[in-house]
Amino acid sequence: MSTVPASTAPTPGQAPVPSSAASSTSAAPAAAPAPPAAPAGPRTRLDWRLRFGALSLIWGFSFLLIKVGTAGYAPFQVTLGRLVFGTAVLAAAMAVKRERLPRGARTWTHLTVAAFFLNALPFSLFAYSELTIPSTLAGICNATSPLWGMALSMVALSEDRPTRVRFAGLGLGFLGVLTVLGAWQGFHGLDATGTAMALLASLSYPVGWIYVRRTLAGTGNSHLSMTGAQLLVATVQLAVVTPLFTGFPAHFSFGPLLAIAALGALGTGLAVLIQYGLVAEVGPTTAQMVTYFIPVIATAAGVAILGESLRWSTPVGALIVLAGAALTQVKPRRSTA
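Going letter by letter, the sequence shown gives residues -14 to 322 in the numbering used here.
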(Lines of atoms letter the chains of each structure in order from A and count residues from 1; the text may use other names and numbers.)
(Lines give C-alpha, C1' and ligand atoms only; values in the text may rest on other atoms or scores of the structure.)
Protein backbone atom coordinates (compact mmCIF):
# COMPACT_ATOMS: atom_id res chain seq x y z
CA MET A 1 0.00 0.00 0.00
CA SER A 2 1.46 3.37 0.43
CA THR A 3 4.01 5.09 2.49
CA VAL A 4 1.66 7.67 3.81
CA PRO A 5 0.64 7.75 7.43
CA ALA A 6 -1.63 4.93 6.77
CA SER A 7 -5.25 5.04 6.24
CA THR A 8 -7.16 2.26 7.83
CA ALA A 9 -8.21 1.32 4.40
CA PRO A 10 -7.20 -1.68 2.42
CA THR A 11 -6.50 -0.76 -1.07
CA PRO A 12 -5.73 -3.02 -3.91
CA GLY A 13 -2.81 -1.00 -5.14
CA GLN A 14 -1.43 0.54 -2.04
CA ALA A 15 1.97 -0.20 -0.62
CA PRO A 16 1.35 0.64 3.02
CA VAL A 17 3.37 1.93 5.86
CA PRO A 18 1.11 2.23 8.90
CA SER A 19 1.03 4.88 11.51
CA SER A 20 -0.94 4.91 14.68
CA ALA A 21 -4.02 5.72 12.66
CA ALA A 22 -3.74 2.37 10.98
CA SER A 23 -2.93 0.25 13.94
CA SER A 24 -6.30 -1.37 14.12
CA THR A 25 -6.94 -1.94 10.48
CA SER A 26 -5.24 -1.40 7.26
CA ALA A 27 -2.77 0.55 5.21
CA ALA A 28 1.43 1.52 4.68
CA PRO A 29 5.72 1.51 5.85
CA ALA A 30 5.28 4.03 8.31
CA ALA A 31 5.66 6.35 11.02
CA ALA A 32 7.63 8.79 8.98
CA PRO A 33 6.39 12.33 9.57
CA ALA A 34 3.78 13.69 7.25
CA PRO A 35 5.00 16.05 4.55
CA PRO A 36 5.13 19.67 5.69
CA ALA A 37 2.33 21.93 4.60
CA ALA A 38 2.98 23.83 1.41
CA PRO A 39 3.62 27.53 1.80
CA ALA A 40 0.75 29.86 1.17
CA GLY A 41 0.36 30.98 -2.39
CA PRO A 42 -1.78 30.53 -5.48
CA ARG A 43 -3.32 27.06 -5.65
CA THR A 44 -2.37 25.05 -8.68
CA ARG A 45 -3.39 21.58 -7.51
CA LEU A 46 -6.80 20.03 -8.05
CA ASP A 47 -9.26 20.37 -5.21
CA TRP A 48 -8.81 17.49 -2.74
CA ARG A 49 -12.38 16.31 -3.36
CA LEU A 50 -11.61 15.72 -7.01
CA ARG A 51 -8.45 13.82 -6.09
CA PHE A 52 -10.42 11.84 -3.51
CA GLY A 53 -12.95 10.89 -6.19
CA ALA A 54 -10.18 9.93 -8.61
CA LEU A 55 -8.54 7.73 -5.98
CA SER A 56 -11.85 5.99 -5.26
CA LEU A 57 -12.37 5.28 -8.96
CA ILE A 58 -8.82 4.04 -9.51
CA TRP A 59 -8.89 1.61 -6.63
CA GLY A 60 -12.51 0.61 -7.26
CA PHE A 61 -11.73 -0.29 -10.89
CA SER A 62 -8.62 -2.25 -9.89
CA PHE A 63 -10.63 -5.45 -9.43
CA LEU A 64 -12.11 -5.13 -12.90
CA LEU A 65 -8.61 -4.63 -14.31
CA ILE A 66 -7.37 -7.74 -12.50
CA LYS A 67 -10.23 -9.73 -14.04
CA VAL A 68 -9.41 -8.47 -17.52
CA GLY A 69 -5.70 -9.10 -17.01
CA THR A 70 -6.20 -12.72 -15.95
CA ALA A 71 -8.20 -13.32 -19.14
CA GLY A 72 -4.96 -13.15 -21.12
CA TYR A 73 -2.17 -13.85 -18.65
CA ALA A 74 -1.42 -16.10 -15.69
CA PRO A 75 -2.08 -14.61 -12.23
CA PHE A 76 1.61 -14.36 -11.36
CA GLN A 77 2.25 -12.59 -14.66
CA VAL A 78 -0.53 -10.12 -13.89
CA THR A 79 0.99 -9.41 -10.48
CA LEU A 80 4.51 -9.07 -11.86
CA GLY A 81 3.37 -6.67 -14.57
CA ARG A 82 1.39 -4.67 -12.03
CA LEU A 83 4.44 -4.30 -9.79
CA VAL A 84 6.76 -3.41 -12.67
CA PHE A 85 4.52 -0.57 -13.86
CA GLY A 86 3.81 0.63 -10.31
CA THR A 87 7.49 0.65 -9.38
CA ALA A 88 8.30 2.59 -12.55
CA VAL A 89 5.86 5.35 -11.58
CA LEU A 90 7.31 5.67 -8.08
CA ALA A 91 10.87 5.56 -9.44
CA ALA A 92 10.00 8.47 -11.71
CA ALA A 93 8.49 10.38 -8.78
CA MET A 94 11.61 9.75 -6.70
CA ALA A 95 13.82 10.96 -9.52
CA VAL A 96 11.80 14.17 -9.86
CA LYS A 97 12.00 14.81 -6.12
CA ARG A 98 15.62 13.65 -6.00
CA GLU A 99 14.94 11.10 -3.29
CA ARG A 100 17.17 8.11 -2.65
CA LEU A 101 16.36 4.57 -1.64
CA PRO A 102 16.75 3.81 2.08
CA ARG A 103 20.02 2.39 3.35
CA GLY A 104 20.89 -0.29 5.87
CA ALA A 105 20.65 -4.09 5.73
CA ARG A 106 18.20 -4.13 8.64
CA THR A 107 15.80 -1.77 6.90
CA TRP A 108 15.92 -3.77 3.67
CA THR A 109 15.33 -7.01 5.57
CA HIS A 110 12.17 -5.60 7.11
CA LEU A 111 11.11 -4.17 3.75
CA THR A 112 11.43 -7.65 2.25
CA VAL A 113 8.91 -9.01 4.74
CA ALA A 114 6.65 -5.98 4.27
CA ALA A 115 6.78 -6.34 0.48
CA PHE A 116 5.67 -9.95 0.76
CA PHE A 117 2.65 -9.33 3.01
CA LEU A 118 1.60 -5.97 1.55
CA ASN A 119 2.23 -6.52 -2.16
CA ALA A 120 3.49 -9.85 -3.48
CA LEU A 121 1.13 -12.12 -1.51
CA PRO A 122 -2.17 -10.16 -1.59
CA PHE A 123 -1.76 -9.03 -5.20
CA SER A 124 -1.13 -12.64 -6.28
CA LEU A 125 -4.00 -14.02 -4.19
CA PHE A 126 -6.47 -11.53 -5.65
CA ALA A 127 -5.30 -12.40 -9.17
CA TYR A 128 -5.74 -16.12 -8.52
CA SER A 129 -9.09 -15.63 -6.79
CA GLU A 130 -10.55 -13.80 -9.78
CA LEU A 131 -10.00 -16.84 -11.96
CA THR A 132 -13.03 -18.37 -10.24
CA ILE A 133 -14.96 -15.59 -8.49
CA PRO A 134 -16.42 -12.34 -9.88
CA SER A 135 -14.56 -9.08 -9.44
CA THR A 136 -17.52 -7.76 -7.42
CA LEU A 137 -16.99 -10.41 -4.74
CA ALA A 138 -13.22 -9.80 -4.70
CA GLY A 139 -13.83 -6.08 -4.13
CA ILE A 140 -16.18 -6.77 -1.24
CA CYS A 141 -13.75 -9.26 0.32
CA ASN A 142 -11.13 -6.50 0.18
CA ALA A 143 -13.37 -4.37 2.41
CA THR A 144 -12.96 -6.90 5.24
CA SER A 145 -9.35 -5.84 5.78
CA PRO A 146 -10.20 -3.35 8.56
CA LEU A 147 -12.05 -6.13 10.37
CA TRP A 148 -9.06 -8.47 10.22
CA GLY A 149 -6.87 -5.56 11.25
CA MET A 150 -8.82 -4.83 14.38
CA ALA A 151 -8.89 -8.50 15.40
CA LEU A 152 -5.12 -8.79 14.92
CA SER A 153 -4.27 -5.49 16.57
CA MET A 154 -6.00 -6.56 19.79
CA VAL A 155 -3.44 -9.37 19.99
CA ALA A 156 -0.34 -7.76 18.50
CA LEU A 157 -0.67 -4.13 19.61
CA SER A 158 -1.14 -3.81 23.33
CA GLU A 159 -1.89 -0.09 23.10
CA ASP A 160 -4.91 -0.76 20.87
CA ARG A 161 -7.62 -1.15 23.48
CA PRO A 162 -10.87 -2.66 22.19
CA THR A 163 -14.17 -1.00 23.07
CA ARG A 164 -17.73 -2.24 23.00
CA VAL A 165 -18.43 -0.24 19.86
CA ARG A 166 -15.42 -1.71 18.07
CA PHE A 167 -16.31 -5.21 19.20
CA ALA A 168 -19.82 -4.63 17.85
CA GLY A 169 -18.33 -3.45 14.56
CA LEU A 170 -16.21 -6.57 14.34
CA GLY A 171 -19.20 -8.83 14.86
CA LEU A 172 -21.37 -6.81 12.48
CA GLY A 173 -18.68 -6.88 9.80
CA PHE A 174 -18.30 -10.63 9.83
CA LEU A 175 -22.08 -11.00 9.83
CA GLY A 176 -21.98 -8.99 6.62
CA VAL A 177 -19.38 -11.38 5.19
CA LEU A 178 -21.70 -14.32 5.89
CA THR A 179 -24.53 -12.39 4.20
CA VAL A 180 -22.44 -11.73 1.10
CA LEU A 181 -21.50 -15.41 0.91
CA GLY A 182 -25.08 -16.59 1.44
CA ALA A 183 -24.29 -18.72 4.48
CA TRP A 184 -27.95 -19.69 5.02
CA GLN A 185 -27.88 -21.36 1.58
CA GLY A 186 -24.75 -23.32 2.32
CA PHE A 187 -22.60 -20.92 0.25
CA HIS A 188 -24.32 -22.29 -2.84
CA GLY A 189 -22.87 -21.12 -6.16
CA LEU A 190 -19.63 -19.74 -4.72
CA ASP A 191 -16.18 -21.08 -5.38
CA ALA A 192 -14.81 -21.78 -1.91
CA THR A 193 -11.15 -21.72 -2.96
CA GLY A 194 -11.37 -18.42 -4.82
CA THR A 195 -13.33 -16.77 -2.02
CA ALA A 196 -10.88 -18.03 0.60
CA MET A 197 -7.99 -16.60 -1.45
CA ALA A 198 -9.65 -13.17 -1.61
CA LEU A 199 -10.29 -13.17 2.15
CA LEU A 200 -6.73 -14.34 2.83
CA ALA A 201 -5.43 -11.48 0.65
CA SER A 202 -7.44 -9.05 2.78
CA LEU A 203 -6.00 -10.60 5.92
CA SER A 204 -2.47 -10.25 4.56
CA TYR A 205 -2.67 -6.45 4.50
CA PRO A 206 -3.12 -5.87 8.27
CA VAL A 207 -0.50 -8.54 9.01
CA GLY A 208 1.93 -6.49 6.94
CA TRP A 209 0.82 -3.17 8.40
CA ILE A 210 1.29 -4.36 11.96
CA TYR A 211 4.71 -5.78 11.09
CA VAL A 212 5.78 -2.50 9.50
CA ARG A 213 4.55 -0.47 12.42
CA ARG A 214 6.58 -2.56 14.83
CA THR A 215 9.78 -2.67 12.77
CA LEU A 216 10.03 0.30 10.39
CA ALA A 217 8.57 3.18 12.38
CA GLY A 218 11.00 6.04 12.88
CA THR A 219 13.58 5.04 10.28
CA GLY A 220 13.93 8.65 9.12
CA ASN A 221 13.20 7.81 5.50
CA SER A 222 10.40 9.48 3.56
CA HIS A 223 7.18 7.65 2.76
CA LEU A 224 7.95 7.87 -0.95
CA SER A 225 11.39 6.38 -0.51
CA MET A 226 10.11 3.53 1.67
CA THR A 227 7.22 2.66 -0.63
CA GLY A 228 9.41 2.81 -3.72
CA ALA A 229 11.85 0.41 -2.07
CA GLN A 230 9.02 -1.85 -0.93
CA LEU A 231 7.56 -2.12 -4.42
CA LEU A 232 11.02 -2.72 -5.86
CA VAL A 233 11.56 -5.65 -3.49
CA ALA A 234 8.10 -7.05 -4.27
CA THR A 235 8.90 -6.84 -8.00
CA VAL A 236 12.09 -8.84 -7.45
CA GLN A 237 10.15 -11.43 -5.43
CA LEU A 238 7.64 -11.92 -8.25
CA ALA A 239 10.38 -11.92 -10.88
CA VAL A 240 11.91 -14.90 -9.08
CA VAL A 241 8.66 -16.78 -8.47
CA THR A 242 6.83 -16.23 -11.76
CA PRO A 243 9.15 -18.28 -14.05
CA LEU A 244 8.87 -21.21 -11.63
CA PHE A 245 5.10 -21.47 -12.04
CA THR A 246 4.34 -20.01 -15.46
CA GLY A 247 5.89 -20.19 -18.91
CA PHE A 248 6.61 -17.30 -21.23
CA PRO A 249 3.37 -16.09 -22.90
CA ALA A 250 2.85 -17.68 -26.32
CA HIS A 251 1.37 -14.41 -27.54
CA PHE A 252 0.65 -11.00 -26.05
CA SER A 253 -3.02 -10.06 -25.74
CA PHE A 254 -3.26 -6.29 -26.09
CA GLY A 255 -6.43 -5.74 -24.03
CA PRO A 256 -5.30 -7.68 -20.93
CA LEU A 257 -1.81 -6.17 -21.25
CA LEU A 258 -3.31 -2.68 -21.28
CA ALA A 259 -5.37 -3.58 -18.20
CA ILE A 260 -2.23 -4.74 -16.37
CA ALA A 261 -0.39 -1.55 -17.32
CA ALA A 262 -3.29 0.57 -16.01
CA LEU A 263 -3.50 -1.55 -12.87
CA GLY A 264 0.17 -0.96 -12.12
CA ALA A 265 0.72 2.60 -13.32
CA LEU A 266 -2.57 3.95 -11.96
CA GLY A 267 -3.71 1.62 -9.18
CA THR A 268 -0.29 0.84 -7.72
CA GLY A 269 1.73 3.91 -8.69
CA LEU A 270 -0.28 7.08 -9.28
CA ALA A 271 -2.84 6.20 -6.60
CA VAL A 272 -0.12 6.09 -3.95
CA LEU A 273 1.08 9.55 -4.95
CA ILE A 274 -2.49 10.89 -4.84
CA GLN A 275 -2.95 9.39 -1.41
CA TYR A 276 0.22 11.10 -0.14
CA GLY A 277 -1.22 14.45 -1.10
CA LEU A 278 -4.60 13.71 0.47
CA VAL A 279 -3.13 12.62 3.79
CA ALA A 280 -0.88 15.67 3.91
CA GLU A 281 -3.74 18.03 3.05
CA VAL A 282 -6.81 16.64 4.83
CA GLY A 283 -5.31 14.10 7.24
CA PRO A 284 -5.47 10.30 7.41
CA THR A 285 -8.97 10.16 8.90
CA THR A 286 -10.60 11.81 5.89
CA ALA A 287 -8.27 10.17 3.39
CA GLN A 288 -9.08 6.71 4.72
CA MET A 289 -12.77 7.17 3.87
CA VAL A 290 -11.88 6.11 0.33
CA THR A 291 -12.02 2.55 1.67
CA TYR A 292 -15.79 2.67 1.85
CA PHE A 293 -16.20 3.65 -1.79
CA ILE A 294 -13.99 0.91 -3.21
CA PRO A 295 -16.45 -2.04 -2.96
CA VAL A 296 -19.29 0.12 -4.25
CA ILE A 297 -17.33 1.11 -7.34
CA ALA A 298 -15.94 -2.42 -7.79
CA THR A 299 -19.46 -3.84 -7.71
CA ALA A 300 -20.86 -1.24 -10.11
CA ALA A 301 -17.98 -1.76 -12.55
CA GLY A 302 -18.26 -5.54 -12.45
CA VAL A 303 -22.00 -5.51 -13.10
CA ALA A 304 -22.11 -2.70 -15.68
CA ILE A 305 -18.96 -3.47 -17.68
CA LEU A 306 -18.26 -7.17 -17.18
CA GLY A 307 -21.90 -8.22 -16.93
CA GLU A 308 -21.40 -10.05 -13.64
CA SER A 309 -24.55 -11.22 -11.87
CA LEU A 310 -25.58 -9.69 -8.59
CA ARG A 311 -27.73 -11.35 -5.94
CA TRP A 312 -29.60 -9.24 -3.40
CA SER A 313 -27.38 -10.59 -0.62
CA THR A 314 -24.24 -9.13 -2.21
CA PRO A 315 -25.03 -5.39 -1.89
CA VAL A 316 -26.87 -5.88 1.40
CA GLY A 317 -23.97 -7.83 2.87
CA ALA A 318 -21.49 -5.28 1.53
CA LEU A 319 -23.30 -2.47 3.32
CA ILE A 320 -23.21 -4.47 6.56
CA VAL A 321 -19.48 -5.11 6.10
CA LEU A 322 -18.81 -1.41 5.55
CA ALA A 323 -20.91 -0.44 8.58
CA GLY A 324 -18.97 -2.88 10.72
CA ALA A 325 -15.65 -1.66 9.35
CA ALA A 326 -16.65 1.93 10.13
CA LEU A 327 -17.48 1.03 13.72
CA THR A 328 -14.10 -0.64 14.21
CA GLN A 329 -12.49 2.72 13.43
CA VAL A 330 -14.35 4.62 16.16
CA LYS A 331 -11.79 5.89 18.63
CA PRO A 332 -12.60 5.92 22.34
CA ARG A 333 -13.21 9.37 23.80
CA ARG A 334 -10.46 10.71 26.01
CA SER A 335 -11.57 11.80 29.41
CA THR A 336 -10.82 15.41 30.25
CA ALA A 337 -10.01 16.82 33.65
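Each residue gets a CB set at the ideal place from its N, CA and C atoms; glycine is no exception.
Taking the runs of the beta strand (DSSP E) that are 3 residues or longer, which of them lie wholly in the segment 126 to 199? Segments of the beta strand (DSSP E) lying fully in the segment 126 to 199: there are none.
Drop a sphere of 10 angstroms on the beta-carbon of Gly156, count the other beta-carbons inside from all chains shown, and report buried for 16 or more, exposed for fewer. By the neighbour-count rule (16 or more Cβ atoms within 10 Å), Gly156 is not buried but exposed.
Assuming Leu337 contacts Gly287 under a Cβ cut-off of 8 Å, what Cβ separation, rounded to an integer in Å, is found between them? There is simply no residue 337 to check, as the chain begins at -14 and stops at 322 in what is shown.
Is it the case that the Cβ atoms of Thr164 and Thr284 are separated by a distance below 7 Å? It is not a contact, given that the beta carbons lie outside the stated cut-off.
Determine the burial state of His236: buried for a count of at least 16 other Cβ atoms within 10 Å of its Cβ, exposed for fewer. Under the 10 Å beta carbon count, His236 is surrounded by fewer than 16 other beta carbons and is classified as exposed.
Leu68 versus Ala181, Tyr190 and Leu217, residue with shortest Cα-Cα distance: If we check each option's Cα against that of Leu68, Leu217 comes out closest.
Can you find the residues in the same chain that come closer than 7 Å, C-beta to C-beta, to Ala39, ignoring five residues on each side of it along the sequence? These residues qualify, in order along the chain: Ile259.
Count the other CB atoms within 10 Å of the CB of Pro234; is the residue buried (16 or more) or exposed (fewer)? In summary, Pro234 is exposed, with fewer than 16 beta-carbon neighbours lying within 10 Å of its beta-carbon over all protein chains present.
Do you know offhand how far Ala76's Cα is from Thr212's? Each residue's alpha carbon lies about 10 Å from the other.
For Arg88 and Leu65, I'd like the C-alpha separation in whole angstroms. A direct Cα-Cα distance of roughly 25 Å separates Arg88 from Leu65.
Would you kindly report the start and end of the unbroken alpha helix (DSSP H) that includes Ala286? Going by DSSP, Ala286 is part of the alpha helix (DSSP H) stretching over Ile279 to Ala289.
Tell me whether Leu234 sits in a helix, a strand or coil according to DSSP, three-state version. Strictly speaking, residue 234 in this sequence is Pro, with Leu absent from that position. If DSSP states are grouped into helix, strand and coil, Pro234 belongs with coil.
Contact between the segment 184 to 198 and the segment 241 to 248 (3+ Cβ pairs under 8 Å): Here the segment 184 to 198 makes no contact with the segment 241 to 248; the two share fewer than three CB pairs at distances below 8 Å.
Please work out which residues of its chain come closer than 7 Å, Cβ to Cβ, to Ala308, disregarding the five sequence neighbours upstream and downstream, and give them in chain order. These residues qualify, in order along the chain: Leu157.
Nearest to Ser238 by alpha carbon, out of Arg36, Gly57 and Phe46? Residue Gly57 is the option with its Cα nearest to Ser238.
Measuring CB atoms only, is the segment 177 to 187 touching the segment 122 to 136, in the sense that at least three cross pairs come out at less than 8 Å? Yes: at least three Cβ pairs fall under 8 Å.
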